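There are 2 protein chains.
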Amino acid sequence: MKIVPVVLCGGSGTRLWPRSRKTKPKPFLPLIGERTMFEATLGRCGDSEQFAPPVIVTGTAHLEHVEEQAKESPGATVIVEPEAKNTAAAIALAARRLPEESVMLVCPSDHHIADEPAFRAAAAAAARLAAQDWLVAFGITATAPETGYGYIKRGEALEGGYRVERFVEKPDLATAQAFLADGGYSWNGGIFAFRAGQFLDELKRHRPALWQAACQAVVNGSQDGNRFHPDADAFAAIEPESVDYAVMEETDRAAMVPASMGWSDIGSWAALRDATDRNHDGNSVRGRAELVDCAGVFVDTDGPRVSVIGLEDVAIVVDGDEVLVTTMQGAQKVGKLAGAAKQ
Amino acid sequence: MKIVPVVLCGGSGTRLWPRSRKTKPKPFLPLIGERTMFEATLGRCGDSEQFAPPVIVTGTAHLEHVEEQAKESPGATVIVEPEAKNTAAAIALAARRLPEESVMLVCPSDHHIADEPAFRAAAAAAARLAAQDWLVAFGITATAPETGYGYIKRGEALEGGYRVERFVEKPDLATAQAFLADGGYSWNGGIFAFRAGQFLDELKRHRPALWQAACQAVVNGSQDGNRFHPDADAFAAIEPESVDYAVMEETDRAAMVPASMGWSDIGSWAALRDATDRNHDGNSVRGRAELVDCAGVFVDTDGPRVSVIGLEDVAIVVDGDEVLVTTMQGAQKVGKLAGAAKQ
Chain A
1 MKIVPVVLCG
11 GSGTRLWPRS
21 RKTKPKPFLP
31 LIGERTMFEA
41 TLGRCGDSEQ
51 FAPPVIVTGT
61 AHLEHVEEQA
71 KESPGATVIV
81 EPEAKNTAAA
91 IALAARRLPE
101 ESVMLVCPSD
111 HHIADEPAFR
121 AAAAAAARLA
131 AQDWLVAFGI
141 TATAPETGYG
151 YIKRGEALEG
161 GYRVERFVEK
171 PDLATAQAFL
181 ADGGYSWNGG
191 IFAFRAGQFL
201 DELKRHRPAL
211 WQAACQAVVN
221 GSQDGNRFHP
231 DADAFAAIEP
241 ESVDYAVMEE
251 TDRAAMVPAS
261 MGWSDIGSWA
271 ALRDATDRNH
281 DGNSVRGRAE
291 LVDCAGVFVD
301 TDGPRVSVIG
311 LEDVAIVVDG
321 DEVLVTTMQG
331 AQKVGKLAGA
341 AKQ
Chain B
1001 MKIVPVVLCG
1011 GSGTRLWPRS
1021 RKTKPKPFLP
1031 LIGERTMFEA
1041 TLGRCGDSEQ
1051 FAPPVIVTGT
1061 AHLEHVEEQA
1071 KESPGATVIV
1081 EPEAKNTAAA
1091 IALAARRLPE
1101 ESVMLVCPSD
1111 HHIADEPAFR
1121 AAAAAAARLA
1131 AQDWLVAFGI
1141 TATAPETGYG
1151 YIKRGEALEG
1161 GYRVERFVEK
1171 PDLATAQAFL
1181 ADGGYSWNGG
1191 IFAFRAGQFL
1201 DELKRHRPAL
1211 WQAACQAVVN
1221 GSQDGNRFHP
1231 DADAFAAIEP
1241 ESVDYAVMEE
1251 TDRAAMVPAS
1261 MGWSDIGSWA
1271 ALRDATDRNH
1281 DGNSVRGRAE
1291 LVDCAGVFVD
1301 TDGPRVSVIG
1311 LEDVAIVVDG
1321 DEVLVTTMQG
1331 AQKVGKLAGA
1341 AKQ
């Protein structure tokens, strides 16, 4: 049976400001290569041998971008959330609309995956476990002591994966270093495979109110061409919660498949630099630029020429009436800038 | 007798690129405060008790800026050079057009002088020595081991100044440090006082061809309102040379007056930052900007907001279709950037 991609498409657009804006956040930007992050996500799940047409869950604010950029995905359907209620609700909507036996592959739409064959292999392994009623997370092979991700500790081996021993919240640096040295910990990349009926059963068990409201929103919802509009009143009652908290950390059937696929959540300009092709000095340029005595410098300009002298590990982004210059270390503070926060 | 300011107004505009452009170089920009460098130069010599109306020497390329910005200087006259022939020729033109007994104060138009009373006092002292047929350079009190300036070694004391023992070319760092420790060396700021007739006599003695061509250019030149046009054919014959080489280093009547007046030639973005008012973190901002975790950062933007995180001693300049980001140390290379060099 083909896997049904469930592509979650939201985002507020602060960490990659000023390129990413509230009106056009990260998924809809061609940050790496020619395709947008969202287009690349659909493309990864575009092999019709392995995947069914995608179900996209988004909000009204992004509907125009979604439909414009999903044109190349025949049969794609869109669930239009009346408001953002985090991932548990979004996945519940999709699950409720699918046959119980469908295997869903939940994909964020703003992650970069360099190795698509590795992604598809992991998806196939995850789908096999999901068909056996495991709730499967992709366990991204950790390559650095990242403190910005949740971790998954793997337990006993399953066919093509492992039981999850436990999920770990974002660790401090020492803990992250210990995880990396240990080797038994992976990053939680927010990619999941579920059998639709099994997901709803688990949600009903652990979050009955959320389950009920989501099901009600689907039952009372309305179809409009390829769009499905959940019932706004029912949906409004939902307490927003992530799928990690609401289901993955509650269930005793959590599994993981290891995935080593050049993954990045592009969570900052520093992460984007690291994911782009860089020259022998480690510089990466998009648009007109001249770099002199620079190393590890990232430039992305939408028009003006950017000339840089003597800098190391700095990102420079020019977007319309905004210019951002930040150290890679400082890149995590971008979302707190006045320009990013007051959009 | 009143001092005649002779304001030299040229400049190619590469070191402060992209704000400074070939078509509108440094003298004509309001780099510090509201007035342009040229306006500030005229303003410093604007006290009609001490100064006669200025003689401005410029090229056709900058004539429009000069006349626009000299509007507040009643009686100003302009010598329009057919081509740039360096400072000896420019000063010779002005000297030849003045009465022999006039004392000229030669002023570059792109230097910053924070302490105007100190400037006027030094000008008065220089003028007194010039009236006694000394060729007088301002000796700027050295405050750092600068390798970008020429130095003046002072000799025996004169009334209000010193004989020049020797002029020293731009030194290496160790030499500059030794000069600073010695205390007997000043920076040659390119500001001079001459009696017009004495200057021409010395020029005739040391550079007779240059003297002859400059005099010929004046004799065959033509007046047009406040503008004087030297004869282009005569002027074309001149071998360009600086007044330092052609006269000051040749004469045995070189003198200097010490001048401690907050001088800067604003020879780079680093020098401009140092000359501007800075906040408690050493940052200096012109235009819309937000600085987070920054120190010693200079921002000058003509429109777009500039947001900066985590940088130290960096200049960021936004001017139309050009964005420059440079370390203070790298600022000396700005003129070699493609944008600056290929104007």
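Here the protein sequences come in this chain order: A and B. For what it's worth, the numbering used here labels the leading residue of the first sequence as 1, then goes sequentially. For what it's worth, the numbering used here labels the leading residue of the second sequence as 1001, then goes sequentially. Even for Gly, the Cβ is constructed at its ideal location relative to N, Cα and C. The structure displayed is predicted, hence computed values, not measured ones.
For the segment 1078-1096 of chain B against the segment 1248-1259 of chain B, do three or more pairs of beta-carbon atoms, one drawn from each stretch, fall closer than 8 Å, so that the two count as touching?
In the pairwise beta carbon analysis, the segment 1078-1096 of chain B is classified as not touching the segment 1248-1259 of chain B: fewer than three pairs are separated by under 8 Å.
Can you give the Cα-Cα distance for A:G13 and A:D110, rounded to whole angstroms?
Spanning the two alpha carbons is a distance of roughly 11 Å.
Any Cβ of chain A within less than 8 Å of the Cβ of B:P1258?
No, B:P1258 does not count as interfacial toward chain A.
Look up B:K1204 in the DSSP assignment and say whether it is helix, strand or coil.
Correct three-state label for B:K1204: helix.
Is it true that the segment 8-27 of chain A meets the segment 96-110 of chain A, where meeting means three or more beta-carbon pairs spaced less than 8 Å apart?
Result yes; three or more Cβ-Cβ pairs closer than 8 Å.
Limits of the unbroken alpha helix (DSSP H) element including A:E39:
Taken as a continuous stretch (DSSP letters only), the alpha helix (DSSP H) holding A:E39 covers M37 to R44.
Closest to A:Y149 by CA distance: which of A:G335, A:V4, A:D265 and A:N279 is it?
Nearest of A:G335, A:V4, A:D265 and A:N279 to A:Y149, Cα basis: A:D265.
In three-state terms, what does DSSP make of B:K1336?
It is helical.
Looking at the ligand FMN, does it come within less than 7 Å of B:E1249, judged from the CB to the closest heavy atom?
Judged by which ligands are present, the structure shown has none, so any question about the ligand FMN falls away.
Bridge partners - B:N1188, DSSP secondary structure assignment
The beta-bridge partner set that DSSP reports for B:N1188 consists of B:G1139.
Three-state secondary structure assigned by DSSP to A:A254
Strand.
Decide if B:R1256 is buried, meaning its Cβ has at least 16 other Cβ atoms within 10 Å, or exposed.
Looking at the sequence provided, one finds Met at residue 1256 of chain B rather than Arg. Around the beta-carbon of B:M1256, 16 or more other beta-carbon atoms lie within 10 Å, marking it buried.
So which of B:L1173, B:S1186 and B:R1128 has the shortest CA-CA distance to B:L1158?
Of the listed residues, the one whose Cα sits closest to B:L1158 is B:R1128.
Using the DSSP secondary-structure output, state which residues sit across from A:L105 in a beta bridge.
By DSSP's assignment, A:L105 forms a beta bridge with A:P5 and A:A193.
Closest residue to A:G197 among A:T87, A:E39, A:P99 and A:G320 (Cα-Cα distance):
The option with the nearest alpha carbon to A:G197 is A:P99.
Contacts of A:A338 in chain B (Cβ-Cβ under 7 Å)
One finds E1290 in chain B with Cβ atoms closer than 7 Å to the Cβ of A:A338, taken in chain order.
Is there a Cβ of chain A sitting closer than 8 Å to that of B:R1021, yes or no?
The C-beta of B:R1021 comes no closer than 8 Å to any C-beta of chain A.
Name the chain A residues whose beta carbon is nearer than 7 Å to that of B:Q1329?
G310, listed in chain order.
Could you give the DSSP three-state label for A:T14: helix, strand or coil?
Reduced to three states, the DSSP call for A:T14 is coil.
So what does DSSP say about A:E249, is it helix, strand or coil?
Reduced to three states, the DSSP call for A:E249 is coil.
So is B:E1249 in contact with chain A if we call contact Cβ pairs under 8 Å?
With 8 Å as the cut-off, B:E1249 does not count as an interface residue toward chain A.
B:V1219, buried or exposed, once every other Cβ within 10 Å from all chains shown has been counted against 16
Exposed is the call here.
Quick check on A:D293 - is its C-beta less than 8 Å from some C-beta in chain B?
Chain B, which has a Cβ nearer than 8 Å to the Cβ of A:D293, makes this yes.
Could you please give the first and the last residue of the uninterrupted beta strand (DSSP E) stretch that includes B:H1111?
For B:H1111, no beta strand (DSSP E) run applies, since DSSP gives it neither H nor E.
With a Cβ-Cβ cutoff of 8 Å, do B:R1253 and B:W1134 count as a contact?
Cβ distance < 8 Å, so B:R1253 and B:W1134 count as in contact.
Quick one: what does DSSP say B:R1278 is sitting in, helix, strand or coil?
For B:R1278, the secondary structure class from DSSP, reduced to helix, strand or coil, is coil.
Applying the 10 Å Cβ sphere with the 16-neighbour rule, what's the burial state of B:P1171?
B:P1171 counts as buried, since no fewer than 16 other beta carbons sit within 10 angstroms of its beta carbon.
Residues in its own chain within less than 7 Å of B:A1130 by CB, not counting five upstream and five downstream?
Counting only residues of its own chain and dropping the five nearest sequence neighbours on each side, B:A1130 has a CB closer than 7 Å to the CB of V1103, V1136, A1193, F1194 and R1195.
Please name the residue, chosen from B:A1122, B:R1227 and B:F1199, that lies closest to B:C1215 on a Cα-to-Cα basis.
When each option's Cα is compared against that of B:C1215, the closest is B:F1199.
What residue range does the alpha helix (DSSP H) around A:E67 cover?
Its alpha helix (DSSP H) spans residues L63 to Q69.
Got a sec? Which residues, its chain only, sit under 6 Å from A:K22 by beta carbon, not counting five neighbours each side?
Once the five neighbours on either side are set aside, the close Cβ partners of A:K22 are G13 and Q343.
Take B:T1041 as the anchor and find which of B:P1082, B:K1085, B:S1242 and B:A1114 has the nearest alpha-carbon.
Shortest Cα-Cα distance from B:T1041 to any of B:P1082, B:K1085, B:S1242 and B:A1114 involves B:A1114.
State yes or no: is the C-beta of B:F1179 within less than 8 Å of the C-beta of B:T1077?
No, the pair does not count as a contact, with Cβ atoms beyond the cut-off.
Taking Cβ-Cβ distances shorter than 8 Å, what residues in chain A pair up with B:D1321?
For B:D1321, the neighbours in chain A by C-beta distance under 8 Å run, in chain order, G303, P304 and R305.
Pull up the distance between the alpha-carbon of B:V1318 and that of A:R278, whole angstroms please.
Computed Cα separation, rounded: 25 Å.
With a cut-off of 8 Å on the beta carbons, I'd call B:G1046 and B:S1073 a contact; round off their distance for me.
Right, the Cβ-Cβ distance comes to about 7 Å (below 8 Å), so this counts as a contact.
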